[in-house]
Every structure is written in structure tokens, then in C-alpha cells.
Amino acid sequence: MVPLLIIIIIVVVLGLFAVGMYNNLVKLRNAVEAAWAQIDVQLKRRYDLIPNLLETVKGYAAHERETLEAVIAARNMAMAAQGPGEQAAADNMLTGTLKSLFALSEAYPDLKANQNFLALQE
Numbered sequence: 001m002v003p004l005l006i007i008i009i010i011v012v013v014l015g016l017f018a019v020g021m022y023n024n025l026v027k028l029r030n031a032v033e034a035a036w037a038q039i040d041v042q043l044k045r046r047y048d049l050i051p052n053l054l055e056t057v058k059g060y061a062a063h064e065r066e067t068l069e070a071v072i073a074a075r076n077m078a079m080a081a082q083g084p085g086e087q088a089a090a091d092n093m094l095t096g097t098l099k100s101l102f103a104l105s106e107a108y109p110d111l112k113a114n115q116n117f118l119a120l121q122e
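Here is the structure:
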């Protein structure tokens, strides 16, 4: 009788442990999904600000068409990316093209002084 009681207690304890682990894993999965949702929101906000940045730069650096087109193409690729890996690669490409766009401010001092450009650069 005592060995049967010990076995039942062990099974119950293991069952409670398994349920606790499962609940913890579900909680962690939900936290990861919420974090990805926040990343998506911030990326969308960034993508939405790029046209404003391009319009500001166009007024000062109209003959830098190649750079502007590269930024537009990178933005479109980033918006169409599916999955975390593809999104990361596309966003890295966009970041690189934005760096070249921000480098234009060195060649155009008036652009560097523009308040819209400075605000969008942040």
C-alpha cells in the first residue's frame, strides 16, 4: 500500500511540474510574439517616415537621383519582406542606403540645417 501511495504522489508531482512548465512556455511564447509585434510597429513607422525624408532631401539634392532611388527600392524590399530573417536582411540594406542618404547632408549644408531633415534623421 505504501509503495502505491509513493508512486501516486510522484506521478502527481511530475504532472504538476509538467503543467507548470507548459504554462511557463506558453507565457514565454506570448511574450516573444508581443515583442515581434512591437518590432513590426516600429519598422512600419520607420518605413512610413522615409517618404517624408525623401521629399525633404529632393528639394536640396535633386541631382542625387541614384541615391534616392536606392532608398526607395530598399524601402519597398523591406516592406515586402516575409519572416524575421528576410526582414532583418532587408532592413540592413535599408539602413545602408539611409546612411548614404544622410551622408548627403555633408555635401549640402542647407540640408543639414533643415529642421525637417534633422527631425526625420532621428
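Just so you know, the working numbering puts 43 at position 43 of the sequence shown, and the rest follows in order with no gaps. Think of the CB as a built atom: it goes at the ideal place given N, C-alpha and C, for glycine as much as any other residue.
Asked	Found
Does the beta-carbon distance from Leu43 to Leu54 come in below 7 Å?	no
Less than 8 Å between the CB atoms is what I'm expecting for Tyr108 and Ala61, so what's the real figure, rounded?	5 Å
Are Leu94 and Ala74 close, meaning C-beta to C-beta below 7 Å?	yes
If we count the other Cβ atoms within 10 Å of its Cβ and call it buried at 16 or more, is Ala34 buried or exposed?	exposed
Where does Gly15 sit, in a helix, a strand or coil, going by DSSP?	helix
Express the C-alpha separation of Phe17 and Gln115 in angstroms, rounding to a whole number.	58 Å
Closest by CA to Ala78, which one among Ile7, Ala103, Asp40, Asn52?	Asp40
By the 10 Å Cβ neighbour count, where 16 or more other Cβ atoms means buried, how is Val11 classified, buried or exposed?	exposed
In this structure, how does DSSP classify Ala61 when only helix, strand and coil are distinguished?	coil
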